[in-house]
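Residue numbering for the sequence shown follows this note's numbering, starting at 8 and increasing by one per position.
Where a beta carbon is used, it is the ideal one built from N, C-alpha and C, also for glycine.
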Amino acid sequence: MSHSSQVLIINTGSSSLKFAIVDPLSGKEQLSGIGEALGSASPRMEWVHDGVEQDCRLDAGASHHSVIEILVEQILGELPVLSEELIAVGHRVVHGGEYFSSSVLIDQQVINTIDQCASLAPLHNPPALKGIRAAMDEFPQLPQVAVFDTAFHQSLPEHAYLYALPYSLYRDQRIRRYGMHGTSHQFVSERAALLLGRPLAETNTITAHLGNGASITAVQGGASVDTSMGMTPLEGLVMGTRCGDLDPGVLIHLAESLNHSTDKLKNLLNRESGLLGISELSNDCRELEQAAAQGHHGAKLALEIFCYRLAKYIAAYTLPLRHVHALVFTGGIGENSSWIRERTMHWLGALSYELDREQNEATRFGAEGPISRSGTPVALVVPTNEEWIIARDAAAIVTGGLR
Ligand code: ADP
8 MSHSSQVLII NTGSSSLKFA IVDPLSGKEQ LSGIGEALGS ASPRMEWVHD
58 GVEQDCRLDA GASHHSVIEI LVEQILGELP VLSEELIAVG HRVVHGGEYF
108 SSSVLIDQQV INTIDQCASL APLHNPPALK GIRAAMDEFP QLPQVAVFDT
158 AFHQSLPEHA YLYALPYSLY RDQRIRRYGM HGTSHQFVSE RAALLLGRPL
208 AETNTITAHL GNGASITAVQ GGASVDTSMG MTPLEGLVMG TRCGDLDPGV
258 LIHLAESLNH STDKLKNLLN RESGLLGISE LSNDCRELEQ AAAQGHHGAK
308 LALEIFCYRL AKYIAAYTLP LRHVHALVFT GGIGENSSWI RERTMHWLGA
358 LSYELDREQN EATRFGAEGP ISRSGTPVAL VVPTNEEWII ARDAAAIVTG
408 GLR
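What follows is the structure, encoded as C-alpha cells:
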C-alpha cells in the first residue's frame with residue numbers, strides 16, 4: 008500500500024448519506040461531509056476539506072445517488088490529486104446476519120445477501136444498498152467493500168446468542184442476538200490492548216459504546232463473546248430514545264389493553280423512550296446533565312437509570328471474561344460525560360473499581376487514558392474511530408490482506 012492511498016467511506020441512513028476520505032494507515036480524515044433530509048422538500052449537503060466548510064442546497068427530492076454525484080463532479084472534480092489516491096470505497100452495512108463474519112469485497116452475490124438480511128434490519132440495510140449501488144455507478148473503477156456492524160459479534164458462542172424462544176424460530180427464521188457497533192467495539196478493544204501494553208490475544212476488555220445508540224461488549228482475546236444489542240438495536244442499555252431491555256409482557260399489554268399498533272410500538276420503543284422518555288426533556292446527555300445540575304427530577308432519574316443499567320451489564324460481562332484487564336468507555340457520552348462515568352464507577356465500587364476524579368474530569372473531548380485510581384481495576388477512555396476500521400479493512404482487502 009503506497010503512503011498516499013485513501014479510502015472513500017460511505018455510511019447511509021434512511022434520509023442521510025455521510026462520506027469521508029480516510030488514510031487507512033494513519034486514520035487521518037482528508038475530507039468529510041453529509042447529505043441530509045434526502046428525499047424531502049429541502050435536502051442539503053455540507054462538507055469539510057482542509058478545515059474549510061462548504062455547503063449547498065440540493066434539489067427537492069434529491070436522493071442518496073445525487074449526493075454521490077455531487078461528491079464526484081463538484082467536490083472531487085476540484086481535488087484531482089485526492090481522487091487519484093482513492094483505492095477503494097468502504098461501505099458501512101448494519102446487518103450481515105450470519106453470512107458475514109468479516110468485511111468482504113462486494114459482488115452481485117454479496118448484494119443479494121445484504122438484501123436478504125434486510126428483513127432483519129429493515130431500517131438500515133435498504134439505504135446501505137442504495138449507497139452501494141450509487142457508488143458502483145459513480146466509481147466503477149474502484150473496488151467496493153462492505154464492512155458490517157454485526158461481523159465482529161459472529162464469534163459469540165451459542166449460549167450467548169440464542170434467545171430462550173422455541174428453537175425453531177432460530178432454525179427457520181434466524182431469530183437470535185446479532186449485536187451492533189462491531190467496528191467500534193473492535194477498534195477500542197484493540198486500542199485498549201495497545202495502551203495496556205498487552206498482546207491482544209491475551210487481553211480481556213468490556214467495551215461500552217455510549218452514543219445516541221449504546222451497546223456493551225465482552226471482548227476476550229480480541230473476540231466478541233457477548234454483547235447487549237440483540238437481533239435489532241433495541242435491546243440492552245438505555246439509549247437516547249430507545250428503551251433497551253424490557254419485559255416483553257409490556258408489549259403484549261400495550262397491544263391488548265391499549266390497542267397499540269405495531270407502528271405505534273415501533274415508534275414508542277425506538278423514538279420516544281430511553282433518556283428522552285424518562286426525562287420528558289431531552290435525549291441529549293449534555294442537556295440532561297445541565298438540567299440535573301439545576302435539580303430537574305426527570306433528568307436526574309434518566310441519567311441514574313442509564314448508569315445503573317450500564318453498571319449491571321458491566322458486572323454481568325465480568326462473568327465470561329473471568330479476568331477483565333480494562334473497562335473501556337467510548338462514543339459521544341463515554342468519551343465526554345465525566346458525570347455518567349462517575350456514577351457508573353460508583354455502582355462498580357462493588358467490584359472494587361475506584362475513580363480518579365481528576366483524571367475523569369481531564370479525560371474528555373478526544374483525550375485518551377485511564378480514569379481509575381492506580382492499583383484498582385482499570386477503566387479507560389478511548390475515543391472511537393469507526394471510519395478508520397472501515398478504511399483499514401477496505402484497504403486490506405483490496406491490497407491482498409495487509410493489516
Ligand atoms: P451517535 O450514536 O449519534 O453517533 P454520538 O456518539 O455522537 O452519537 O453521541 C451523542 C451523545 O453524546 C449525546 O447524548 C451527547 O449529548 C453526548 N455528548 C457529546 N458531548 C458531550 C459532553 N461534552 N458531555 C456529555 N455528553 C456529551
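Taking 8 Å as the upper bound for CB-CB distance, Thr212 and Val335 are in contact here, some 5 Å apart. Here Arg184 has Tyr168, Gly237 as same chain residues with Cβ atoms under 6 Å from its own Cβ, once five neighbours each way along the sequence are excluded. For Phe107, the CB stays at least 8 Å from every heavy atom of ligand 1. Among the bridge pairs identified by DSSP, Thr212 is matched with Val226, Ala333.
Using a cutoff of 8 Å, the CB of Glu368 does not count as near ligand 1, since none of the ligand's heavy atoms is closer than that.
In the displayed model, His188 falls within coil according to three-state DSSP, outside both helix and strand. A distance filter of 5 Å between CB atoms and the heavy atoms of ligand 1 selects the following residues in sequence order: Gly218, Asn219, Gly220, Asp291, Cys292, Arg293, Gly338, Gly339, Ile340, Asn343, Ser344. Taken in chain order, the unbroken stretches of beta strand (DSSP E) that lie wholly in the stretch 108-168 and span 3 residues or more are 151-155.
Closest option to Pro134, judged by alpha-carbon separation, among Leu282, Leu358, Gly20: Gly20. Counting along the chain, the unbroken beta strand (DSSP E) around Cys63 starts and ends at 59-64. About 4 Å separates the CB atoms of His71 and Lys137; that is less than 8 Å, so the two are in contact.
The stretch 219-234 makes no contact with the stretch 260-267, as fewer than three CB pairs between them are under 8 Å. Using a Cβ distance threshold of 9 Å, Ala95 and Leu15 count as a contacting pair. Sixteen is the threshold: when 16 or more other Cβ atoms of the shown chains lie within 10 Å of the Cβ of Ala141, as they do, the residue is buried.
In the three-state scheme derived from DSSP, where H, G and I count as helix and E and B as strand, Glu375 is classed as coil. According to the DSSP assignment, Gln366 belongs to the alpha helix (DSSP H) that extends over 364-369. Boundaries of the alpha helix (DSSP H) harbouring Ser345: 345-354, taken from the DSSP string.
In the three-state reduction of the DSSP assignment, Asn274 falls in the helix class. When DSSP states are grouped into helix, strand and coil, Glu36 belongs to the strand group. In this structure, DSSP gives Ala67 a state outside helix and strand, which the three-state scheme calls coil.
Under the criterion of beta carbons closer than 8 Å, Val152 and Ser110 qualify as touching, at roughly 6 Å. In the three-state reduction of the DSSP assignment, Thr234 falls in the strand class. In the DSSP assignment, Phe26 is bridged to Ile17, Gly40. Per DSSP, the continuous alpha helix (DSSP H) segment holding Glu91 begins and ends at 87-92. Comparing alpha carbon positions, the residue from Leu202, Gln193, Gly256 closest to Asp233 is Gln193. When DSSP states are grouped into helix, strand and coil, Leu387 belongs to the strand group. Put simply, the stretch 121-133 does not touch the stretch 169-179. Fewer than three CB pairs are less than 8 Å apart. For Leu163, the CB contacts under 8 Å within the same chain, skipping 5 residues up- and downstream, are Arg184, Gly186, Ser231, Val232, Asp233, Thr234 in chain order. Within the DSSP bridge table, the entry for Trp54 names Gly40, Gln61 as partners. The residues Glu296, in chain order, have a CB closer than 6 Å to that of Trp346 in the same chain once the five nearest residues on each side in sequence are set aside.
When only Cα atoms are considered, Phe372 and Glu342 end up about 7 Å apart.
Its Cα nearest to that of Ile378, the residue Glu349 stands out among Gly97, Leu308, Glu349.
For the pair Leu328 and Ser33, the Cα-to-Cα distance works out to about 31 Å.
Residue range 281-286 is occupied by the alpha helix (DSSP H) that includes Gly284. Your pair Glu60 and Ile41 does not check out as a contact, with CB atoms roughly 11 Å apart and the cut at 8 Å.
With a 10 Å radius around the Cβ and a threshold of 16 neighbouring Cβ atoms, Ser381 comes out exposed.
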